[in-house]
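Trainee:
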Amino acid sequence: MKTIINKILFGSFLLSLLILGSCKKKEQAVSPPIPGNEFFTTIKWRFQNAANAADTVWVRWYQDPSGTNPPDTSHAIATLKKNTTYKLTVHFYDETKTPILDLTNEIAIDRGNYHTYWFFKYGSLTNHVTITTTDHDSNNPPIWIGMQDNFVTDTATCNGRIEGRLRHQPNSKNGTYAPGSTDNDATFTFTIQ
1219 MKTIINKILF GSFLLSLLIL GSCKKKEQAV SPPIPGNEFF TTIKWRFQNA ANAADTVWVR
1279 WYQDPSGTNP PDTSHAIATL KKNTTYKLTV HFYDETKTPI LDLTNEIAID RGNYHTYWFF
1339 KYGSLTNHVT ITTTDHDSNN PPIWIGMQDN FVTDTATCNG RIEGRLRHQP NSKNGTYAPG
1399 STDNDATFTF TIQ
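Residue numbering for the sequence shown follows this note's numbering, beginning at 1219 and increasing consecutively.
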């Protein structure tokens, strides 16, 4: 009888150790995975004259998904009016899908908190075009996104290129260019007259 009681006590002791040991789990911080860079084949810029909505111009930049061919910029050329304010919207598409997949809202709204779109002007239009961002993310304080803009031309006839770069900045977006990586770099050619 004493042996049975000793075995029961010893078993209870081992069970207590097992229970206590399982209660002392090491705490770990769990972070969601950082989202990867975006994939798209096509970027379109839409210019709508703020004074005349019927006056709308689209430009289109296309990259073959294989990456073996240079981008198709044959439709990335436009003529805009001088002394005019345009509402510029930037659109992203994946043309490898059927139907074509519009990624604009995913990038600007669903993932707006870690994207910024940057404009770099070249040529004589550098001093004659002003681009002002009008959209912001939901960070606190909000940081601009750059996919909805006012594009204002002055009275000069000019031409040049504008490069648009989508920066992918998860967990590091701070309103500067440096953090993150580039999702895309596309150049469009303009004549203002």
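A virtual CB, placed ideally from N, CA and C, is assigned to each residue, including glycine.
1. Consult DSSP for leucine 1384 and reduce its assignment to one of helix, strand or coil.
2. From this set, His1346, Gly1398 and Val1277, which residue's C-alpha is nearest threonine 1373's C-alpha?
3. Between phenylalanine 1408 and asparagine 1377, which are expected to be in contact by the criterion C-beta below 8 Å, what is the C-beta distance as a whole number of angstroms?
4. Whole angstroms is fine: what's the gap from serine 1342's alpha carbon to glutamine 1281's?
5. For phenylalanine 1257, which residues does DSSP report across the bridge?
6. Thinking just about the alpha-carbon of each residue, which of Trp1336, Thr1344 and Thr1260 is nearest to the one in alanine 1294?
7. I believe asparagine 1301 touches threonine 1344 by the beta-carbon criterion, under 8 Å. Please report the beta-carbon distance rounded to the nearest angstrom.
8. Aspartate 1328 by DSSP, collapsed to three states: which one?
9. Take glutamine 1366 and list the residues in its own chain whose beta-carbon comes closer than 6 Å to its own, dropping the five residues that flank it on each side.
10. Mind checking which residues open and close the beta strand (DSSP E) that includes tyrosine 1311?
11. Just verifying my parser: in three-state terms, what is the DSSP assignment at threonine 1352?
12. Regarding arginine 1383 and the ligand SAH, is the C-beta to nearest heavy atom distance less than 6 Å?
13. Taking contact to mean 3 or more Cβ pairs, one atom from each stretch, closer than 8 Å, check whether the region 1329–1336 and the region 1257–1274 are in contact.
14. How many Å lie between threonine 1291 and glycine 1285 at the Cα?
15. Kindly identify the DSSP beta-bridge partner or partners of glutamine 1266.
Mentor: Let me lay it out:
1. Reading the sequence shown from its first residue, position 166 is the one you call residue 1384. It is a strand residue.
2. Indexing the sequence shown from 1 puts residue 1373 at position 155. Threonine 1373 has its Cα closest to that of His1346, out of His1346, Gly1398 and Val1277.
3. Here residue 1408 corresponds to residue number 190 of the sequence shown, with the count starting at 1. Here residue 1377 corresponds to residue number 159 of the sequence shown, with the count starting at 1. 6 Å between Cβ atoms; contact.
4. For the purposes of this step, residue 1342 is identified with residue 124 of the sequence shown, where counting begins at 1. For the purposes of this step, residue 1281 is identified with residue 63 of the sequence shown, where counting begins at 1. Cα to Cα, the separation comes out at about 27 Å.
5. Position 39 of the sequence shown holds residue 1257. None, per the DSSP bridge assignment.
6. Your numbering for residue 1294 matches position 76 in the sequence shown. That would be Thr1260, whose Cα lies nearest to the Cα of alanine 1294.
7. Residue 1301 sits at position 83 when you count from the first residue of the sequence shown. Residue 1344 sits at position 126 when you count from the first residue of the sequence shown. Not confirmed; about 17 Å, so no contact.
8. What you label residue 1328 is simply residue 110 of the sequence shown in a count that begins at 1. DSSP places aspartate 1328 in helix when its eight states are reduced to three.
9. Translated into positions along the sequence shown, residue 1366 becomes position 148. The answer, listed in chain order, is Thr1307, Thr1352 and Asp1353.
10. The residue labelled residue 1311 in the question sits at position 93 within the sequence shown. It spans 1303–1312 - the beta strand (DSSP E) in which tyrosine 1311 sits, taken as one unbroken run.
11. By 1-based counting over the sequence shown, the position of residue 1352 is 134. Residue state, collapsed to three classes: coil.
12. Ligands displayed in this structure: none; no statement on the ligand SAH is therefore possible.
13. no
14. The residue given as residue 1291 occupies position 73 in the sequence shown. The residue given as residue 1285 occupies position 67 in the sequence shown. Straight-line Cα distance between these residues: approximately 14 Å.
15. Start at 1 with the first residue of the sequence shown, and residue 1266 comes out as number 48. BP columns for glutamine 1266 point to Thr1274 and Lys1305.
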